[in-house]
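Single-structure report; data block below.
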Amino acid sequence: MEPIKSGSKQSATHKGSTPHSKLLVIDRQYDVPVEKLFAAFSSPEALKQWWWPEGIYTDHVEWEFRNGGRYYINMKGYEQGGGGMAGSIEEVVQNERIVMTDQFANERGQPISAKEANMPGEWPEKGYITFEFESHGKERSGFMLSQEGIPNELQAECIQGWSQSFDKLQNYLKGSTSQH
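One gets my numbering by counting positions in the sequence shown from 1 and adding 20 to each.
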């Protein structure tokens, strides 16, 4: 797998992902301690503030933030009536890493196929998303997202969507920083 955007770290890879799709990699940096950045991923309330790109919002999150936990993040907006993503949280290492499976889901949080979600391209039954966090001193941190299974023809759109979400994360972190 070739990275689309690469950082200095080696990206995580998993078996069962689409072998002919490039590994999507995005690096982001923030002016907050790694503990605060990691915390923005650990609670449903935080995820509701920033998960999904502009024009989409999260109205329901089920988030068992632990190794082996299940999750469902519903989305609303655009022309969407409901649905989103679901899967399992494979690994949580505090302030270091989150590994999760990624599947399309209906409005009840049940996994569905890409075809049932009306998504073009060849998708694996489930993909993987890995967030690897890193501290860059007391007040700076970042993460690298590695996502497997995104069809090559949809990767630019996916990068745009994640970038918008991470911009919303930046705004969330600015707001949560000023409250402390």
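Glycine included, each C-beta is placed from N, C-alpha and C at the ideal position.
Residue i, enclosing alpha helix (DSSP H) - first and last residue
i, result
"Phe61", "Unbroken run through Phe61: none, as it is neither H nor E."
Run of the beta strand (DSSP E) containing residue i, from where it starts to where it stops
i, result
"Ala106", "Gly104 to Val113"
"Val45", "Leu44 to Tyr50"
"Gly169", "Looking at the DSSP string, Gly169 is not in any beta strand (DSSP E), and its letter there is neither H nor E."
One or two residues paired with residue i in a DSSP bridge
i, result
"Glu142", "Per DSSP, none; premise fails for Glu142."
"Arg128", "Arg128 pairs with nothing; no bridge assigned."
"Trp83", "Tyr91"
"Gln123", "Ala106"
"Tyr192", "Per DSSP, none; premise fails for Tyr192."
"Arg117", "Val113 and Glu152"
Which listed residue (the options) has its alpha carbon closest to that of residue i
i, options, result
"Leu165", "Trp143, Gly195 and Glu116", "Glu116"
"Gln180", "His40, Glu152 and Val45", "Val45"
"Lys194", "His80, Ala60 and Leu43", "Ala60"
"Gly62", "Gly89, Lys135 and Gly103", "Gly is not the amino acid found at residue 62; the sequence shown has Ser there. Ranking the options by Cα distance to Ser62, first place goes to Gly89."
"Phe85", "Lys135, Glu136 and Val119", "Val119"
Through-space distance from residue j to residue i, alpha-carbon basis
i, j, result
"Leu67", "His156", "23 Å"
"Gln114", "Asn191", "23 Å"
"Ile183", "Gln49", "A small fix is needed here, since residue 183 is Ser in this sequence, not Ile. Answer to the nearest angstrom: the Cα atoms are 12 Å apart."
"Asp187", "Trp83", "22 Å"
"Leu174", "Val112", "28 Å"
"Met105", "Glu154", "26 Å"
"His40", "Glu142", "10 Å"
The region 151 to 167 / the region 126 to 139 touching (three or more Cβ pairs under 8 Å): no
Evaluate the contact criterion for the region 69 to 77 versus the region 41 to 56: three or more CB pairs, one atom per stretch, below 8 Å. no
Is the number of C-beta pairs between the region 133 to 150 and the region 170 to 178 that are closer than 8 Å three or more? yes
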